[in-house]
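There are 2 protein chains.
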Amino acid sequence: MAVRLPRGFRAGATRAGIKPSGKPDLALLVSGLPAQWAYAATQNRAAAPSIHRGRGLYATGAPLRAVVVNAGNANCATGERGFRDDARMAELAAFRLGLAPEEVLTASTGVIGVPLPVERIAAGLPQIELTPYADPFAEAILTTDLVPKVAEAEVAGARVVGIAKGSGMIHPNMATMLAFLVTDAWVPQEALREAWRGIVDRTFNQVTVDGDTSTNDLALVMANGAYGEVPPEALFQALEGVARELAKKIARDGEGASKLLVVRVVGAATEGEARQAARAVAGSLLWKSALYGNDPNWGRILAALGNSGARFDPLRVRIHLQGIPLYAGGVLPFDREAASQAMRAEVVEVWADLGEGEGAAEAYGCDLTEGYVRINALYTT
Amino acid sequence: MAVRLPRGFRAGATRAGIKPSGKPDLALLVSGLPAQWAYAATQNRAAAPSIHRGRGLYATGAPLRAVVVNAGNANCATGERGFRDDARMAELAAFRLGLAPEEVLTASTGVIGVPLPVERIAAGLPQIELTPYADPFAEAILTTDLVPKVAEAEVAGARVVGIAKGSGMIHPNMATMLAFLVTDAWVPQEALREAWRGIVDRTFNQVTVDGDTSTNDLALVMANGAYGEVPPEALFQALEGVARELAKKIARDGEGASKLLVVRVVGAATEGEARQAARAVAGSLLWKSALYGNDPNWGRILAALGNSGARFDPLRVRIHLQGIPLYAGGVLPFDREAASQAMRAEVVEVWADLGEGEGAAEAYGCDLTEGYVRINALYTT
Chain A
22 MAVRLPRGFR
32 AGATRAGIKP
42 SGKPDLALLV
52 SGLPAQWAYA
62 ATQNRAAAPS
72 IHRGRGLYAT
82 GAPLRAVVVN
92 AGNANCATGE
102 RGFRDDARMA
112 ELAAFRLGLA
122 PEEVLTASTG
132 VIGVPLPVER
142 IAAGLPQIEL
152 TPYADPFAEA
162 ILTTDLVPKV
172 AEAEVAGARV
182 VGIAKGSGMI
192 HPNMATMLAF
202 LVTDAWVPQE
212 ALREAWRGIV
222 DRTFNQVTVD
232 GDTSTNDLAL
242 VMANGAYGEV
252 PPEALFQALE
262 GVARELAKKI
272 ARDGEGASKL
282 LVVRVVGAAT
292 EGEARQAARA
302 VAGSLLWKSA
312 LYGNDPNWGR
322 ILAALGNSGA
332 RFDPLRVRIH
342 LQGIPLYAGG
352 VLPFDREAAS
362 QAMRAEVVEV
372 WADLGEGEGA
382 AEAYGCDLTE
392 GYVRINALYT
402 T
Chain B
22 MAVRLPRGFR
32 AGATRAGIKP
42 SGKPDLALLV
52 SGLPAQWAYA
62 ATQNRAAAPS
72 IHRGRGLYAT
82 GAPLRAVVVN
92 AGNANCATGE
102 RGFRDDARMA
112 ELAAFRLGLA
122 PEEVLTASTG
132 VIGVPLPVER
142 IAAGLPQIEL
152 TPYADPFAEA
162 ILTTDLVPKV
172 AEAEVAGARV
182 VGIAKGSGMI
192 HPNMATMLAF
202 LVTDAWVPQE
212 ALREAWRGIV
222 DRTFNQVTVD
232 GDTSTNDLAL
242 VMANGAYGEV
252 PPEALFQALE
262 GVARELAKKI
272 ARDGEGASKL
282 LVVRVVGAAT
292 EGEARQAARA
302 VAGSLLWKSA
312 LYGNDPNWGR
322 ILAALGNSGA
332 RFDPLRVRIH
342 LQGIPLYAGG
352 VLPFDREAAS
362 QAMRAEVVEV
372 WADLGEGEGA
382 AEAYGCDLTE
392 GYVRINALYT
402 T
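Going line by line, the protein sequences match chains A and B. Here the numbering used here runs 21 ahead of the position in the first sequence, where the first position is 1. Here the numbering used here runs 21 ahead of the position in the second sequence, where the first position is 1.
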């Protein structure tokens, strides 16, 4: 099912031979017009050269024209050579597109500590055919993901398309996650940058798969204005909707995951505490294991809430699982078999009311399976 | 192998029928003399009644005479009834021992959210035979632990004996961990309390199994002075040695673990940052999975260090695994097969120099196995 990019955007990919599997691994996303942009990048101190380079570009405030992404090699912890290789990837992509290197953002994802095969990128870039469709790009940026992740929305005639990859090392600020949202709406860069921070905090930063934070993550939005102006609030809402859909798709496709976990916390003292509390439940290994075993072990939900830093009195907390009340300041009688049965679903929802205030938030995760361990026990050997 | 308690301490256990397995599950630890004591308890907001009660006793500064522990039921999230049941357990134990309830600390570990069967505790307490040996107590406090955990030391003629249980939900501040250290040395309570905080920070709080923080953890030390005075610094060193040995035993016996992980970080800007950094590596699911697979994937170690909050420049970091240099500001050539072979050991050591300052610390963890998932997927059902 081909997803058409917003006006003025084109994308494409090729097999450059970076992934050992021989699958597509080099991709370009290009705007015909200079685009306003905003992004959020990993806070990891061992951030890859592409992240350092991106921060530098971001600081200039200049518009962006293109992104070049390679998958299969994170070009991280590759020493000073890594910085040269990253700059070279930008130069090669800029040359291919007739742009200046400063107009091209780089992104890399894959194994850490292996020198980037720049000569393969040089050979691959001319082969990339640019089309108005998102799909080949979405396919080429995957690593251990099982499915491509694309979402779209319309807003007052303008369009928003988002493309992302997961799916391990997924945890707030940020995940092994690359997300690219593009829109043909016009929006001032300052407003876009300010809105983007909140959108990322409420969506991508609420995804957790394993608590590890990757060295290469970023979430980018580009707005090229090819369609024209739309009400900014409507645009931001559409961007947030697309980001949330991608966040859920990333969590659903977490390494080894068999189901999506959606945690909704209400009644927190603040929205920040609600976000923390929801994330703590989505990230609890004990609860994720219980989720895998269809075990309605709500004690682990309460323990994770208690460990989140959010303020509450356990005697005022309420917990529902798939709509079934399990706890209300104390043990509730419930049909354990029915609750376990209700957990055999593709999406499992935890709802918790902390009984403190008005703060509400969601977080997205998945179950912890034996498959996760197998995938990650044997990644490089 | 029977471990004799320090002078003036006795302990014992019985099968009260709290554990479904029918194994010993109710235990007493008693000092003939009033003991100076110090403890550290979980920071979890959903802390169990036993923790709230212990905090109250601690605040009075009065000496302690005994601990009553039940395993198999955490008496947590059991509503207001849970508080009454906990107080009742203390009263029953005090009656059995001829003490005041305020002289008895309670501890519970096991499943959350199930009312405590106090009548079984009442029936079990009179059956407990008190002896000068640690072993029956060490056996009775276990839950999913595979082996009892006891450690001992001598200091200037006085003795220190420590008894602990793990082994899931193990993460700083605190773990699903109960630890009881007893000594017949004399020490002023104020000095003991101050020293204990640092000892716990450097030992039990550096253990991580799954990042979850339990609702019932505590680490207690009792000093009854039956032997007499010893140099305080020597005593604290002995206590720390025993605590460290127990911490390693807890990590080694983490749920599903096949090996012990010892992470030593040096060259951090501060000791606190070294502790954080070491803990982040010991707690990284990705690295723990690689450890299980004997995969020398040092990129995950670097990524975990980068995620710890400790300051460093990746170009100055060095990483060794089992003494083999893998990374020094960039990729080092190493024999992957030999490194993988070296990981097939009961204890695997990671050493990292952050190149920033003089801060050093250790953390203790274990590998993440398919067994962990199996154990925790089916705990209550």
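By construction, the Cβ of each residue, glycine as well, lies at the ideal position given by its N, Cα and C atoms.
Go through its chain and collect everything with a Cβ distance to residue i's Cβ below 6 Å, but skip five positions before and after it.
i	result
A23 of chain A	Y154, D156
A61 of chain B	V221, A240
S381 of chain A	In the sequence as presented, Ser is not what sits at residue 381 of chain A; that position holds Ala. V287, A295, listed in sequence order.
Y393 of chain B	E276, G277
S329 of chain B	Q297, A298, A301
K186 of chain A	I162, L163, D166, L199
V90 of chain A	A48, A128, I162
Got a sec? Which residues, its chain only, sit under 7 Å from residue i by beta carbon, not counting five neighbours each side?
i	result
S305 of chain A	R321, A325
A95 of chain B	A69, S129, T130, G131, V132, I133, T236, N237
E377 of chain A	G288, A289, A290, R332, F333
L26 of chain B	A32, P153, Y154, A155, V182, V203
K269 of chain A	L281, Y385
So if DSSP puts residue i in a beta bridge, which residue, or which two residues, is it bridged to?
i	result
F333 of chain A	Answer is none; F333 of chain A lacks a bridge partner.
I25 of chain B	Reading the sequence as shown, one finds Arg at residue 25 of chain B and not Ile. Paired residue(s): B:Y154.
V286 of chain B	B:A373, B:A382
W58 of chain B	B:M243
P346 of chain A	A:H341
G93 of chain B	B:G131
T35 of chain B	B:L47
F30 of chain B	B:S52
A200 of chain A	A:A185, A:A240
With 16 as the cutoff for other CB atoms within 10 Å, does residue i come out buried or exposed?
i	result
V368 of chain A	exposed
H73 of chain B	exposed
T81 of chain A	exposed
S42 of chain A	exposed
G29 of chain B	buried
A37 of chain A	buried
D356 of chain B	exposed
P317 of chain A	buried
A32 of chain A	buried
L375 of chain B	buried
V168 of chain B	exposed
M195 of chain A	Confidence is the limiting factor: at M195 of chain A the pLDDT is only 42, short of 50, which leaves the residue's position unreliable and the question unanswerable from this model.
P193 of chain A	At P193 of chain A the pLDDT is 43, less than 50, meaning the model places this residue with poor confidence; the figure from the coordinates comes in the next sentence. Per the 10 Å Cβ criterion, buried.
A373 of chain A	buried
G103 of chain B	buried
P252 of chain B	exposed
Which bits of chain B does residue i rub up against, with CB to CB less than 8 Å?
i	result
E367 of chain A	Simply none; closest approach about 18 Å.
G77 of chain A	Within 8 Å Cβ-Cβ: nothing; G77 of chain A doesn't reach chain B, min ~17 Å.
V352 of chain A	A98, T99, G100, G134, V135, P136
In chain A, which residues lie less than 7 Å from residue i when you measure between Cβ atoms?
i	result
T164 of chain B	Residues of chain A passing the Cβ test: none, with the nearest at roughly 13 Å.
T291 of chain B	None at all; the shortest Cβ gap to chain A is about 15 Å.
F225 of chain B	By Cβ distance, chain A contributes nothing, its closest Cβ being about 16 Å from F225 of chain B, past 7 Å.
Round the Cβ separation of residue i and residue j to the nearest angstrom and send it over; I've been treating them as touching at under 8 Å.
i	j	result
W207 of chain B	E254 of chain B	That pair is no contact at about 14 Å.
L267 of chain A	K170 of chain A	6 Å
F158 of chain A	I184 of chain A	6 Å
G134 of chain A	Y348 of chain B	7 Å
P84 of chain A	A56 of chain A	6 Å
A272 of chain B	V228 of chain B	5 Å
E370 of chain A	V283 of chain A	5 Å
T165 of chain A	V352 of chain B	Not confirmed; about 22 Å, so no contact.
R261 of chain A	R285 of chain A	It is Glu, not Arg, that sits at residue 261 of chain A in the sequence shown. Wrong, their Cβ atoms sit about 16 Å apart, outside the cutoff.
Which chain B residues sit within Cβ distance under 7 Å of residue i?
i	result
A398 of chain A	S310, A311, Y313, G314, D316
G178 of chain A	Near G178 of chain A there are no residues of chain B at all, since even the closest Cβ is about 42 Å away, more than 7 Å.
So which residues on chain B does residue i lean against when the C-beta distance must stay under 9 Å?
i	result
Y348 of chain A	A98, G134
G320 of chain A	A67, A95, C97, A98, V132, I133, G134, V135, T236, T401
F333 of chain A	R66, A67
L19 of chain A	Because chain A is modelled from 22 through 402, residue 19 of chain A falls outside the range shown and cannot be assessed.
Beta-carbon of residue i versus every beta-carbon of chain E: anything under 8 Å?
i	result
A303 of chain B	Here the protein chains are A and B, and chain E is not one of them.
Identify the contact partners of residue i in chain A, using a Cβ-Cβ distance below 8 Å as the criterion.
i	result
N65 of chain B	A324, G327, N328
E391 of chain B	E391, V394, R395
Who are the Cβ neighbours of residue i in its own chain at under 8 Å, not counting the five residues just before and after it?
i	result
N315 of chain A	S361, Q362, M364, R365
R76 of chain A	A62
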